[in-house]
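J.:
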Amino acid sequence: MAELSAVVAQTLLAVMLAPGLVGLIRWIKARLQSRRGAPPWQIYFELRKLFAKEIVISRTASWLFRAAPLIVFGTSVVVASLVPLVFIPVAFDRTGDLFAAVYLLLLGTFFLALAGLDTGSAFGGMGSSREMTVVALTEPTVALSIFALALTAGSTNLGVIATRTLADPGMALGPAHVLGFPALFIVALAESGRLPIDNPSTHLELTMIHEAMVLEYSGPYLALIEWASALKFFLLLALAANLFVPWGIAQSLAPLDLLAGFAALTVKMAILAVAVAVLETRVAKLRLFRVPELLSASFVLALLAVMSTMFVR
Amino acid sequence: MTTRGVPLALAVATAGYLAGAVAALLARSSRGARWAAAAGASLGSLAALVLAVQVLVTGAPVDAGIPGLLAVAGGVVVRLDGLGAFFLAIVSIIGLPAAVYGAGYSADETTGHLRSLGFMLNMFLFGMSLVTCAGNVLTFVLGWEVMSLASYFLVMVETGDPETQSAGLWYIAMTHFGLVLLLPMFFLLSSSGGGASFADLRLGAGMLTPAMRNVVFILAVLAFGSKAGVVPLHVWLPRAHPAAPSHVSALMSGVMIKLGIYGLVRVTLDVLGGGVVWWGGLLLAVGSVSALLGVLYALMEHDLKRLLAYHSVENIGIILIGFGAALVLDGYGLRSAALVGFAASLFHTLNHACFKALLFLGAGSVLRQTHTRNMEQMGGLITRMPQTALLFLVGAVAIAALPPLNGFASEWMVFQTLLAGAQIPRPELAVGIPMAVGMLALTSGLAAACFVKAFGVTFLAMPRSERAAQAREAPLSMRAAMALLASACVVLGLGASMTVPVLYRALEGLGGVSPAAAAATPGLWVEGAGRLAYVSPPLLAASLAVVVFLGWLAVRRALGRARLTDTWGCGRIGQTPRMEYTASAFAEPLRRVFAELYRPAEDLTVSTHPESRYFIRSITYTSEVHPWFEAVIYDPIIGGVRRASTEVRRLQGGSAHLYLLYVVAALLGALGWVWWS
Amino acid sequence: MEGIFARLVVLAASGMLLTGLIVLWRKGVPAYIAAFTWQSWLLSGMTAAVGYLGGEPQLYLVAVILLLLKGIALPALLRATDRRFSTRRELLAYVNTETSLIVGGMLVLFAYVLTEPWMAMTKLPTRAALPVAMALLFVSLFIIVSRKKAITQVIGFLMLENSIALLAVVGTYGVPLLVELGVFLDALMGFLVMQIFLYDIHETFETLEVDQLARLKH
Amino acid sequence: MALILLLAPPLVASLSVMLVRGRMRLVAASTVALNALSLSASVWMCGDALWRGRTIVSSDGFWRVDGLSALLALSIATVTLLASAFGPGLGEADEYDEGQARRFRIFVNAFALMMLVAVTTNNVGFMWVTIEATTITSAVVIPLHRTKSSVEASWKYLLICSVGIALAFAGTVLAYFDFVSTAGRVPNALNWTVLRAAAPTLQGELMQLAFAFIVVGYGTKAGLAPMHTWLPDAHSEAPAPLSAMMSGVLLAVAMYAIARWKAVVDVALGSDFASQLLLAAGLLSVAVGAFSLVIQRHYKRMLAYSSVEHIGLVSVGLALGPLGAFAAWLHLVNHAVAKSMAFLLAGRILHRYRTTEIAGVSGLLHVMPWTGRLFAMAILALVGLPPFGLFVSEFLLVRAAIHTGHLWTAAVVLLLVLVAFVSLLGHLNRMLYGAAPVGVAVGESCGWRIAALAGCAAILVVLGVALPWPVTGIIERSVSAVVMP
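Protein chains in written order, with the working numbering: chain A, 284 to 596; chain B, -5 to 671; chain C, 660 to 877; chain D, 98 to 582.
1) Rounded to whole angstroms, what is the Cα-Cα separation between B/Val125 and D/Pro323?
2) Going by the DSSP bridge assignment, what does D/His395 pair with across the sheet?
3) What are the boundary residues of the alpha helix (DSSP H) that includes B/Gly663?
4) Between the C-alpha atoms of B/Ile212 and B/Met168, what's the straight-line distance to the nearest angstrom?
5) Would A/Leu400 count as contacting chain B if we go by Cβ distances under 8 Å?
6) With DSSP run on the structure shown, which of helix, strand or coil describes D/Phe485?
7) Assign D/Cys143 to one of two classes, buried (16 or more other C-beta atoms within 10 Å of its C-beta) or exposed (fewer than that).
8) Could you name the residues of chain B that C/Ile761 contacts, counting a contact when the two beta carbons are closer than 8 Å?
9) Please list, in chain order, the residues of the segment 172 to 204 of chain B that have any C-beta partner in chain D closer than 7 Å.
10) DSSP three-state label for A/Gly476, please.
11) Over what stretch of residues does the beta strand (DSSP E) that includes B/Ile613 continue unbroken?
12) So, with DSSP's three-state summary, where would you put A/Ile340?
13) What are the start and end residues of the beta strand (DSSP E) that includes B/Thr559?
14) Can you pull the chain C residues whose beta carbon is under 9 Å from the beta carbon of B/Ala21, in chain order?
15) Using the Cα positions of D/Met211 and D/Thr231, report the straight-line distance between them to the nearest angstrom.
16) Is it right to say A/Phe375 is buried, meaning 16 or more other beta carbons lie within 10 angstroms of its own, or is it exposed?
17) Determine the closest residue to B/Arg22 out of B/Leu321, B/Phe341, B/His107, B/Phe80, with distance taken between C-alpha atoms.
18) Taking only the alpha-carbon atoms, compute the straight-line gap between B/Ala455 and B/Pro621 and give it to the nearest angstrom.
19) Out of curiosity, what's the CA-to-CA distance linking B/Thr616 and B/Glu596?
20) What would DSSP say about C/Arg806, mapped onto helix, strand or coil?
21) Check the Cβ-Cβ distances between D/Asp330 and every residue of chain C, and say whether any is below 8 Å.
22) Any beta-carbon of chain F closer than 8 Å to the one on C/Leu677?
23) Counting only the same chain and skipping the five closest in sequence on each side, list residues whose C-beta sits under 7 Å from that of B/Phe134.
24) Hey, does C/Gly849 have any beta-carbon neighbour from chain D nearer than 8 Å?
25) Taking a Cβ distance cut-off of 9 Å, strictly less, list which residues of the segment 627 to 641 of chain B are near chain D, in chain order.
26) DSSP state of A/Thr402, grouped into three classes?
27) Check the Cβ of B/Gly647 against every Cβ in chain C and list those closer than 8 Å, keeping chain order.
28) Taking 8 Å as the threshold (C-beta atoms), are D/Val124 and D/Gly114 in contact?
29) Closer than 9 Å between beta carbons: that is the criterion. Which residues of the segment 442 to 458 of chain A meet it against chain B?
30) In chain order, what residues of the same chain have a beta carbon less than 7 Å from the beta carbon of B/Ala27, not counting five sequence neighbours either side?
31) For B/Glu574, would you say it is in contact with chain A, using Cβ-to-Cβ distances shorter than 8 Å as the test?
32) My assumption, with CB atoms under 8 Å, is that D/Thr175 sits in contact with D/Leu136. Please give the rounded CB distance.
33) What does DSSP give as the partner residues of D/Gly196 in its beta bridges?
34) If you measure between the beta carbons of A/Ala419 and B/Leu440, is that distance less than 8 Å?
35) What's the gap between the Cα of C/Met778 and the Cα of C/Val791?
36) Bridge partners of D/Arg161, per DSSP?
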């Protein structure tokens, strides 16, 4: 019971922190580009404003359009409950593993893409098509990264992986980790629509992917979707952080451990945020048809991660 | 312990199917023929289901038969064990809704057609059931052929057009190709003496040399692979399945091709006993290629039923990945991990049967309302056929392997099997397993993309044609049938952990599977190999439901005040269906990415105004994807046969002298033979 | 006695083979018919001789029937047919005369090779004629295959029958009489039906060139 | 007694048509009745062979009816009855005048008589005489309408088969020569039973030679490749009932002759020379038949080539020991029923569509629903699909091949059968479906002829699904007749 409430609290923490991470990256990027930029917490005001606005819905849209944001948000939150952020759940860990997490995120994307088609707008269709293409092409990398982690841990459950890595720190320097991490990082960028795959801050019709898909959403629905994608991004980075470099995470529910876990998470996420911001400042968006090249590069990394692990053993 | 005598359920099932067949033939009216066929098939499949469940629950095989029939060839012998019962259950679970659906679906057909349709449908179900119950070679082959022949005629029911004829011919040719390999395979197994029951074959297999066992295995892969639709033997599948009436397509895609899997499992695991690593490796490779190519070609289809047919190729591939990986594990002696793989492939077999049948039935409803299979002519059906749309969506989510439905559970188990395979320190596996994982993952990602396209273009946005605009909801019987299958998808997904023990039971006693290894504890969690990984679809579903509900509470008030308006069109007023994204456009990025594979034939015709080439009158763009490997594999064969035929025809040149010369030559040849020997 | 018998038989058989070979280089139906007539007479005479010297009285009957049927009746019918249909005397063959003769020689050689093992098997005085009979069989087959007109094929067929009859007489002193009678009946009926067909062919195709009969193909 | 009942009716029928002028319809009907009588006699013989295990032998040993003879007699009588019932002269509007009808009935009955004698006589010489006579009697009936093609076909048939059968006689003489030179001249030496008893003492080499002549000779008549060339012409040009008899049973009679000789040769040689020869000829026939089916424009020729293929299968079966012989005889019976059914239906199709081209026939199921369905069944039976008898016999054939170790034979046969299968079904599809050609009347009533053909289909189904004991029993006896225990 204690664990359940801890999991719920941890999930809520992720949900609350996620927009902050996006805001933080925006702020760092602005700084790197010598702009003042909005403060990191600006995004919370935006969400609040959106929740207060009215919803405008296309006449051609069906119930699916109305349901999709809820499902997208729901899947992200459920995934948040699976990822060890501050502490590693034990009993609850069995609810879902990495595959479940990935497929849950895919479920959300699936509905969002359908919603993109539902209004009959060419933008929506274009966005859905591109989004599904990118997602489909990232799947092999994701699966192999999971494999790379699972190979050394023997399990795909997140808690188990983190625990094993903690117990055997040498693993973190094994090929699975060294090669798998960049692969997963690229995939995380692709899945959450960051540069160089997609530009979250553009609305230029020919280049946008995710934004095109959600073009018809407004008000609280848009807020849910933005929030969900922020959460997804947060979770992907947290996964990369806590599975490859789990140190600091709490293995019990003792308050001190939890505090240390929270601090470790904050530090790790801040580092990753800086990394993302630096990256996004330095690279330009890839042409859509160059994206598969990047994804195949990440696939090869993941493949090498798995193969070398199997060979080295 | 076996059940002797003819069990009541078996008798009722047989009687149901046969009575349904005859009653349909004798029926006076269209209505009579439809309902007689449906009633017979429903009774038959219900009874068969009872029988299957009985065997699965008690674990005691059922023996029966009429050895006097065709006694020279071995007689008709029925023996239903766990594995057979599992597949019999699949036949019945899909057979029942298909029969009910058919009654409503075929209402527009002429009475004559309906009679043969009803007859053949019942025979089809009967044949498939017989295959699962067969206790010896003859019975198996008889059931197999009844199934093939009946389905062939069912394909040909919607007659006339050359396309259907060609589809039928491809189908029956590939089917017969399978039989041509099936017979020698069985006879090789039985050639070392003894009878031809499966128990005898098991003994016979033990006496074969390893080389012969390999030959048997290869024959089995080709024979059953051609039925299951394994690439490159799948060519009949995208042709025949769309041509059949939709409830028949559901049965063919959902059930019949699974009997190819049944045969493969029966022969490789039960009769041959498994245990050879490269067998598993071959199946793993074949499965991966099938899965990936199946989904890639599905993506390029905008014929809804052909799309679904290609997805059957994909899913058969996934099943074979699971089975192949399990065989590899078995070959290395990792019995309990292998068991998870075998169970995974069986589970996916069952799951695919449910959601593919559901999708075909859904496609049939759409087809019946819009009179087209072309997705580009559909759209907007979600408001016109809301229930069909919802049910189709359930199928789409399930087939895309998204949690918490059943497709996810079985694919998860397949992944876990591969993970267990990766624990074996062998260089060939170090290459093979990651490749299989990558292909499987890519497959499932593409499948999701494909079903976004299939569902989105078919059901969402505005109708793209007049017919689609005037579509109405399907009749109750059809919706009820789909609802049955949709609930099966949900139940199997949420109750996956309850289903897995049943799968172990079905596998009990096959190959090296011991009853002890097969024991599994039903709980909320599905277990991976070695009890290291867990997932709980019901818990995931519950938490998802809670969050969605909370989210709904948050937006409920705003939603109540939502303003309806036109879709934003960059300022342009008036949304038309021509502005919508088409199925081809949707798949365009992936077509470009995989252009090497597709090798599309593109044709762009621009006709300009005579005055100036800047005034364009019309642009026609066509792009077609023809599977080139069909051309590489099948065209030479067909061409070779035709060339051989042309040569042989020259023998019959018309000249009597030539003919007499043949006689003389034959005589001299025979005499020469005598002289030499 | 035995020696004379053997010589006589071999002489007659060789004569029959010679008539077969004559056909290979002669042109014109009448010459074919003449050769066939000679052949039948020789066969009949030899049958009688074997009947006498071998002590098989039933062969006399066979000889008489042979003489009447193949020596007199059939040649007459053939001549009548030929007179009625033949517009062009020159006969066409698929192979020229030289090649025909060479092939004929090879066939005779093959017959000797083939029948060589039998020589040891039997002590019949007539055994030396066995290869000749076999050779005649091959040569008549060659005639049937290589000559173009329907009527020449009929003659070739009749020679084939003669060769088998020769084989039967020299090898076994004749097959049982009942069978022999049946064979005659068949030969007669077959010949008559062939004659009818010659008329039919002439009527429908207006020629007896058999290579015109090539409507049915494949 | 049974023998007289079997043989007399066709003789009487033939003579009565010859002698009685006028009243064609009555005469024709009575010949049908006589044929039915002959059929009942053959059934009686089968029963005799089966239940009493009796082999009917006449006092002089000239006639002999064992299980195999009874089986063949039954097939011949059945197909003859069918052909007779479908033949001209029964009064309904048909395409033949009275003269033609008379010619048909005279010679078809004579033809049947010759075949019946061929399978019931013990004397292999006389068997040869009657088989030669079948050529003559049937060749006369082929050009019932004297067209160029039918005259050509019958001329080729007559010429090629006469030459071929003459070779068979040469083979017979050689075998007799062998017998005479080892055992001396004994009465009834050409009786099969005598030959078989003497077989172990015969000279192997000579028997080999004799058998080569016999296989080529009777093989010509049986339609084994490459001597089959007359077959597609004759079978496609003959009137349908005659085609049915020729394809259905004449080929079978020729195979019967080969099988009888093989029984002698096998013992004399003590080697599998005969089997190898039959295997080679059979495989070649299956190949030629199958490939000729691929590109085929005429449906009657298609059926004829299918006969070549099936006779090839029978030949292969006879080469595969007892198991194979069982399959072969069963196949022969199945083929007799299916092929005569197919040819009779083809005759009906020709009558309606007035073309022999496959391309000219479409929408058959619509135009002639009963004929179309039955034709489909016949073809499905011929390609070896259940629930028809040929499925079982092909099943057994392949089993025999593999169980006797002839793996490559099995592989080749199966692949060739696949080629034939696809081709035949493709042609069938084209005929059954589509729109009816302009000018072809649509609709068909279900008369007694259809009922008779449906009866054939029913027989095929019974043979394919139940294969009751009497059938297997008589075939087992047939096997023991030609295979040494």
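Glycine is no exception: its CB is placed at the ideal position from the N, C-alpha and C atoms.
T.: Let me lay it out:
1) The straight-line gap from Cα to Cα measures roughly 41 Å.
2) Answer by DSSP bridge pairing, in chain order: D/Glu454.
3) For B/Gly663, the enclosing alpha helix (DSSP H) starts and ends at 650 to 670.
4) If you draw a straight line from the Cα of B/Ile212 to the Cα of B/Met168, it comes to about 16 Å.
5) Contact of A/Leu400 with chain B is assigned, a C-beta pair being separated by under 8 Å.
6) DSSP places D/Phe485 in coil when its eight states are reduced to three.
7) Under a 10 Å Cβ-count criterion, D/Cys143 is classified as buried, with 16 or more other Cβ atoms of the shown protein chains found around its own Cβ.
8) Within chain B, no residue has its CB atom less than 8 Å from the CB of C/Ile761, the nearest being about 16 Å off.
9) Taking a C-beta cut-off of 7 Å against chain D, the contacting residues of the segment 172 to 204 of chain B are Val174, Leu177, Pro178, Phe181, Leu182, Ser185, listed in chain order.
10) It is coil, neither helix nor strand.
11) Where B/Ile613 is concerned, the enclosing beta strand (DSSP E) stretches over 610 to 618.
12) In the structure shown, A/Ile340 sits in a strand (DSSP, three-state: E or B).
13) 557 to 559 is the extent of the beta strand (DSSP E) around B/Thr559.
14) Going along chain C, no residue has its Cβ under 9 Å from B/Ala21, so there is no contact; the nearest lies around 46 Å.
15) Whole-angstrom Cα-Cα distance: 6 Å.
16) Its Cβ being crowded by 16 or more others within 10 Å, A/Phe375 is buried.
17) Distance check between B/Arg22 and each of B/Leu321, B/Phe341, B/His107, B/Phe80 places B/His107 closest, using alpha-carbon atoms only.
18) The straight-line gap separating the alpha-carbon atoms of B/Ala455 and B/Pro621 is approximately 31 Å.
19) Their Cα atoms are separated by approximately 6 Å.
20) The answer is strand: DSSP assigns C/Arg806 an E or B state.
21) Yes, D/Asp330 counts as interfacial toward chain C.
22) The question asks about chain F, but that chain is absent: this structure's protein chains are A, B, C and D.
23) Closer than 7 Å at Cβ, skipping near neighbours: Val125, Ala128.
24) Contact with chain D is found for C/Gly849, since one of that chain's Cβ atoms lies less than 8 Å from the residue's Cβ.
25) Under the 9 Å Cβ criterion, the segment 627 to 641 of chain B contributes Val635, Arg636, Ala638, Ser639, Thr640, Glu641.
26) Looking at A/Thr402 - three-state DSSP - the assignment turns out to be coil, as it is neither helix nor strand.
27) Using a Cβ-Cβ cut-off of 8 Å, B/Gly647 is close to Ala873, Lys876 of chain C, given in chain order.
28) Checking the displayed sequence, the identity of residue 114 of chain D turns out to be Val instead of Gly. Going by beta carbons, D/Val114 and D/Val124 fall inside the 8 Å limit.
29) Residues passing the 9 Å Cβ filter: Val443.
30) Here the set comprises Ala18, Ala21, Thr105, Leu108, Arg109, Gly112.
31) Yes - at least one Cβ of chain A is within 8 Å of the one on B/Glu574.
32) That belief holds up - the Cβ atoms of D/Thr175 and D/Leu136 are roughly 6 Å apart, short of 8 Å.
33) Per DSSP, none; premise fails for D/Gly196.
34) Pairing A/Ala419 with B/Leu440 gives a Cβ-Cβ distance under 8 Å.
35) Roughly 12 Å separates the two Cα atoms.
36) In DSSP, D/Arg161 forms a bridge with D/Val154.
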